[in-house]
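Enquirer:
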Amino acid sequence: MHGTEAPSNWVQRWSHLVPPGGSVLDVACGHGRHMRWFAQHGHAVTGVDRSAEAIDAVRPLGRAVLADIENGGWPFEAERFDAVVVTHYLWRPLLPAIVDSVAEGGVLLYESFADGNESVGKPSRPDFLLRSGELLQAARGLHVVAYEDGFCDQPERFVQRMAAVRKRPGTPVSPPRYRLDTAG
């Protein structure tokens, strides 16, 4: 069943940047593979999707919000989350709201299809493919810890991925230390 597959390797890799016990928003959550991952690791999770079936499936995991975020507005205007997770979803008008939903000290974990994907499959419409460097532009003001823009072969797809943190006010000028691996 869709949504029961393992969480994205990218999301798993960078989940250590989420403050312990922090709140997590999963945008276009589907059947909750990322909500499940974060809930199992002690996080309070919120998922938003326009599918009533998907929302019914994730309700046992945490807060479930049924909303058409492309046509009905952003339901989290006054809220900030310790992590905002977006995978396989792009609606350009929402990028500023998504970035703004990251709390101070929080992280944006984003992974979606990119230009070039039309040569290997779907999605193939430019509306659904990130342009070169587009995530970097969207996350101006966040500290980008990791970024990739390239080709994956299993399954074949072009992707952009980013892990970016919103620094807390008063963060020293010296570079913050965000671990790039979880091996120690």
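Each position in the sequence shown, counted from 1, maps to that position plus 12 in this note's numbering. Glycine residues also receive a C-beta, built at the ideal position from the N, C-alpha and C atoms. Keep in mind that this is a model prediction, so the values were computed, not measured.
#1: Distance check for Gly34 and His8, CA to CA, integer angstroms please.
#2: In angstroms, rounded to a whole number, what distance separates the CA positions of Val57 and Val119?
#3: For the alpha helix (DSSP H) holding Arg48, just list the boundary residues, first then last.
#4: Measuring CB to CB, does Asp61 end up less than 8 Å from Met47?
#5: Would DSSP call His155 helix, strand or coil?
#6: Reducing DSSP to helix, strand and coil, say where Val23 ends up.
#7: List the endpoints of the continuous alpha helix (DSSP H) containing Asp139.
#8: In this structure, does DSSP put Gln166 in helix, strand or coil?
#9: Identify the continuous beta strand (DSSP E) that holds Asp38 and give its terminal residues.
#10: Keeping to the same chain, check which residues put their C-beta closer than 6 Å to that of Met13; ignore five residues upstream and five downstream.
#11: Below 8 Å on the Cβ atoms is my contact criterion, and I expect Val77 with Ala40 to pass it. Report the Cβ-Cβ distance as a whole number of Å.
#12: For the stretch 80-96 and the stretch 138-149, state whether three or more C-beta atom pairs, one from each stretch, are separated by less than 8 Å.
#13: Just verifying my parser: in three-state terms, what is the DSSP assignment at Asp61?
#14: Comparing C-alpha positions only, which one of Arg104, Val114, Trp103 sits nearest to Ala95?
#15: Let me know the secondary structure DSSP gives Glu17 once reduced to three states.
#16: Ordered along the chain, which non-local residues of its own chain (more than five positions away) have a Cβ less than 6 Å from that of Gln172?
#17: Short of 8 Å in beta carbon distance, which residues of its chain neighbour Pro19, apart from the five on each side in sequence? Order them along the chain.
#18: For the alpha helix (DSSP H) that contains Ala150, what are its first and last residues?
Expert: Walking through what the data contain:
#1: The question about residue 8 has no answer here: the residues shown for the chain are numbered 13 through 196.
#2: Within the sequence shown, residue 57 is the residue found at index 45, counting from 1. Within the sequence shown, residue 119 is the residue found at index 107, counting from 1. Going by the C-alpha atoms only, they are around 14 Å apart.
#3: Numbered from 1 along the sequence shown, position 36 holds the residue referred to as residue 48. Taken as a continuous stretch (DSSP letters only), the alpha helix (DSSP H) holding Arg48 covers 45-52.
#4: Within the sequence shown, residue 61 is the residue found at index 49, counting from 1. Within the sequence shown, residue 47 is the residue found at index 35, counting from 1. Contact flag unset, no.
#5: Here residue 155 refers to the residue found at position 143 when the sequence shown is read from its first residue. Residue state, collapsed to three classes: strand.
#6: Numbered from 1 along the sequence shown, position 11 holds the residue referred to as residue 23. Looking at Val23 - three-state DSSP - the assignment turns out to be helix.
#7: In the sequence shown, counting from the first residue as 1, residue 139 sits at position 127. No alpha helix (DSSP H) holds Asp139; DSSP gives it neither H nor E.
#8: Here residue 166 refers to the residue found at position 154 of the sequence shown. Gln166: coil per DSSP, three-state reduction.
#9: Residue numbering aside, residue 38 sits at position 26 when the sequence shown is read from its first letter. Its beta strand (DSSP E) spans residues 35-39.
#10: Within the sequence shown, numbered from 1, the residue matching residue 13 stands at position 1. Below a pLDDT of 50, predicted positions are generally treated as unreliable, and Met13, at 45, falls in that range; the measurement from the model is reported next regardless. Around Met13: no qualifying Cβ.
#11: On the sequence shown, residue 77 is found 65 positions in, with the first residue counted as 1. On the sequence shown, residue 40 is found 28 positions in, with the first residue counted as 1. Actually they are not in contact, since the Cβ atoms of Val77 and Ala40 sit about 11 Å apart, beyond 8 Å.
#12: no
#13: The count along the sequence shown starts at 1 and reaches residue 61 at position 49. In the structure shown, Asp61 sits in a strand (DSSP, three-state: E or B).
#14: Here residue 95 corresponds to residue number 83 of the sequence shown, with the count starting at 1. Among Arg104, Val114, Trp103, the Cα nearest to that of Ala95 belongs to Val114.
#15: Mapped onto the sequence shown, residue 17 falls at position 5. In this structure, Glu17 counts as coil in the three-state DSSP scheme.
#16: Locating residue 172 in the sequence shown gives position 160, where the first residue counts as 1. Closer than 6 Å at Cβ, skipping near neighbours: Ala126, Leu142, Leu147, Asp161.
#17: Your numbering for residue 19 matches position 7 in the sequence shown. Around Pro19: Arg45, His46, Arg48, Trp49.
#18: Along the sequence shown, one-based indexing puts residue 150 at 138. 146-150 is the extent of the alpha helix (DSSP H) around Ala150.
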